[in-house]
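Colleague: Quick note: the sequence shown uses my numbering, first residue 16, plus one each step.
Handing you this structure, nothing more for now.
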Amino acid sequence: MTASFDVPAHLFTAIDHVGMAVPDLDEAIAFYRDIFGMTLAHEEVNEEQGVREAMMAVGDSGSCVQLLAPLTEESTIAKYIGRSGPGCQQVAYRVTDVEQVSSILRERGLRLLYDAPKRGTSDSRINFVHPKDAGGVLVELVEPAAAQH
16 MTASFDVPAH LFTAIDHVGM AVPDLDEAIA FYRDIFGMTL AHEEVNEEQG VREAMMAVGD
76 SGSCVQLLAP LTEESTIAKY IGRSGPGCQQ VAYRVTDVEQ VSSILRERGL RLLYDAPKRG
136 TSDSRINFVH PKDAGGVLVE LVEPAAAQH
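Right under this line is the structure:
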């Protein structure tokens, strides 16, 4: 199989972000900004995922803390908060090609939540490894939009 891009042997290129489920986005932004000294890098509403979200930059590392607040009580994040309370909901790894990495992980016996990537923050392409296949952790695969590479 010949590809026009290189997927590193280790599959992931960086920790993209750690996702934190929060009940109130504005309060969480203020806390991460005022207490931890992080900078708001991006904020958006993702209707498909049912969240209002903010990316808080961790210094100039390129990594972020993603704050995820539910849009409705039926959203996945609302259900997570109801079941587990606020806190760490996911770890997201940056990849060069989400489809190829998803395929490799499937070949290695892991279940992914989506058959095909979905739109993530800032037009990234994402998929998730089922937490039961990753030691109880929801693992997100993030292929940044082309302009962000």
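Idealized CB from N, CA, C, for every residue including glycine.
1) Rounded to whole angstroms, what's the CA-CA distance from L55 to G77? Just pull it up for me.
2) Do I119 and P207 come within 8 Å of each other at the CB atom, strictly closer than that value?
3) By how many angstroms is the C-alpha of R134 removed from the C-alpha of E63?
4) With 16 as the cutoff for other CB atoms within 10 Å, does D75 come out buried or exposed?
5) What residue does the alpha helix (DSSP H) around L120 start on, and which one ends it?
6) At what residues does the beta strand (DSSP E) containing R166 begin and finish?
7) For P146, name the three-state secondary structure that DSSP assigns.
8) Using a 10 Å radius around the Cβ and a threshold of 16 neighbouring Cβ atoms, would you call G34 buried or exposed?
9) How many Å lie between Y129 and R121 at the Cα?
10) List, from N- to C-terminal side, the alpha helix (DSSP H) runs of 4 residues or more that fit wholly inside the segment 17 to 88.
11) Look up A93 in the DSSP assignment and say whether it is helix, strand or coil.
12) Relative to the alpha-carbon of V152, which residue among A43, A160, L127 and E42 has its alpha-carbon at the smallest distance?
13) What number of angstroms, rounded off, separates the C-alpha of M16 from the C-alpha of F46?
14) Looking at the secondary structure, which residues open and close the beta strand (DSSP E) in which G102 lies?
15) By Cβ distance below 6 Å, which residues in the same chain neighbour A149 in space, the five residues on each side in sequence not counted?
Modeller: So, from the data block:
1) 13 Å
2) Outside the shown range of the chain, which is 16 to 164, sits residue 207, and nothing can be said about it.
3) 8 Å
4) exposed
5) V113 to E122
6) Because the chain spans 16 through 164 in this model, residue 166 falls outside it and cannot be assessed.
7) helix
8) buried
9) 11 Å
10) 40 to 49
11) helix
12) L127
13) Confidence is the limiting factor: at M16 the pLDDT is only 41, short of 50, which leaves the residue's position unreliable, though a coordinate-based value still follows. For the pair M16 and F46, the Cα-to-Cα distance works out to about 48 Å.
14) Note, G102: beta strand (DSSP E), G102 to R109.
15) A distance below 6 Å between beta-carbons, with the five flanking residues on each side excluded, links A149 to no residue of its chain.
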